[in-house]
DNA sequence: ACAATATATGAACAATTATTCATATATTCA
DNA sequence: TGAATATATGAATAATTGTTCATATATTGT
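Protein chains in written order, with the numbering used here: chain A, 1 to 120; chain B, 1001 to 1120.
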């Protein structure tokens, strides 16, 4: 059975209208890829911890490392990822680099995430 | 330099008050792990697409596979992941299994995520 | 009971990724 | 200029993970 260019299984009760809706409402492939990339960034404990710390205050690399009890290198690598995704920004003061959050949505996303895992 | 059990670097200007705040506000290790696990689930294009499809309508496995142009096996594997994270639920009707979304927060999380990648 | 069909699942493989280690770069201060 | 320090980064390694393939399970109709 084939409708609307979609090969359907025998029992399928999916309507043409539904297929149309899916194709209309589904964000573009590239957008979905970017969205996945964003969530991938949140999908790591170290990066989540860094963000949690930055919720409290701007902070330099070595203090983040100290607070999270991890090596400076590991933190630096992850900060690069956060920088590339435009989730953190930084300012340099001499040899010290201070990082802070660069996105208003992060808190909302985290809160909703926490809601999900907290319930039940 | 050591304050509050945190080994700080020489230039650190981090205050005891900040350290206290971080330790107070930071969710428990286990909670952060679960949060990362949740975002990891969102961090895959296939799973994101499945969720997008289910935003429109409940759907059986083979129709999801057809719509996304992927094998039934691949979809089934990913649905298991979504099931385990309690993001989708299912009902069985004969040999057909219908999946649907099982979380009110997903839409919010996605919308915030899309906001982030859309801006700038 | 048998054939057909929908879904689930285990094993294998390829690809991705987080951390570590070594080292490079940049800045300050003596 | 040289030593000390903060940060960044490349390479290597170990661990995780998504898809495929083969196959198992469950259900329906004949």
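All residues carry an ideal CB built from backbone N, CA and C; glycine is no exception.
I need the DSSP call for residue i, collapsed to helix, strand or coil.
{"i": "residue 67 of chain A", "result": "helix"}
{"i": "residue 1114 of chain B", "result": "helix"}
{"i": "residue 96 of chain A", "result": "strand"}
{"i": "residue 122 of chain A", "result": "Outside the displayed span of chain A (1 to 120) sits residue 122 of chain A, for which this structure offers no information."}
{"i": "residue 1089 of chain B", "result": "strand"}
{"i": "residue 3 of chain A", "result": "In this predicted model, residue 3 of chain A has a pLDDT of only 46, less than 50, meaning its place in the structure is not dependable; the value taken from the coordinates is given anyway. Strand, per DSSP."}
{"i": "residue 52 of chain A", "result": "helix"}
Could you work out which residue in the options is closest to residue i when comparing CA atoms only?
{"i": "residue 1059 of chain B", "options": "B/1073, B/1043, B/1088", "result": "B/1088"}
{"i": "residue 1049 of chain B", "options": "A/50, A/100, A/95, A/29", "result": "A/29"}
{"i": "residue 113 of chain A", "options": "B/1027, B/1099, B/1093", "result": "B/1027"}
{"i": "residue 1090 of chain B", "options": "B/1009, B/1012, B/1057", "result": "B/1057"}
{"i": "residue 1012 of chain B", "options": "A/119, A/23, A/95", "result": "A/95"}
Return the chain-ordered list of same chain residues with a C-beta closer than 8 Å to the C-beta of residue i, the five sequence neighbours on each side being excluded.
{"i": "residue 85 of chain A", "result": "37, 38, 41"}
Compute the distance between the beta-carbons of residue i and residue j, then report whether it is under 7 Å.
{"i": "residue 1102 of chain B", "j": "residue 117 of chain A", "result": "no"}
{"i": "residue 76 of chain A", "j": "residue 97 of chain A", "result": "no"}
{"i": "residue 1078 of chain B", "j": "residue 1047 of chain B", "result": "yes"}
Would you please state the rounded distance, in angstroms, between the beta carbons of residue i and residue j? I believe it to be under 8 Å.
{"i": "residue 1105 of chain B", "j": "residue 115 of chain A", "result": "5 Å"}
{"i": "residue 63 of chain A", "j": "residue 1014 of chain B", "result": "5 Å"}
{"i": "residue 1031 of chain B", "j": "residue 55 of chain A", "result": "Not quite, the Cβ-Cβ distance comes to about 14 Å (not below 8 Å), so this is no contact."}
{"i": "residue 109 of chain A", "j": "residue 1109 of chain B", "result": "6 Å"}
So, at 7 Å on beta carbons, what are the nonlocal neighbours of residue i in its own chain, with the 5 sequence-adjacent residues on each side left out?
{"i": "residue 958 of chain B", "result": "Within the shown structure, residues of chain B are numbered from 1001 to 1120, placing residue 958 of chain B beyond reach of any answer."}
{"i": "residue 100 of chain A", "result": "54, 58, 88, 89"}
{"i": "residue 1067 of chain B", "result": "1053"}
What does a CB cutoff of less than 6 Å around residue i pick up in its chain, not counting 5 residues either side in sequence?
{"i": "residue 1093 of chain B", "result": "none"}
{"i": "residue 1023 of chain B", "result": "none"}
Shorter than 6 Å, the distance from the beta carbon of residue i to the closest heavy atom of the ligand NAP, or not?
{"i": "residue 1012 of chain B", "result": "The ligand content of the structure shown is nil, which means the ligand NAP is not present either."}
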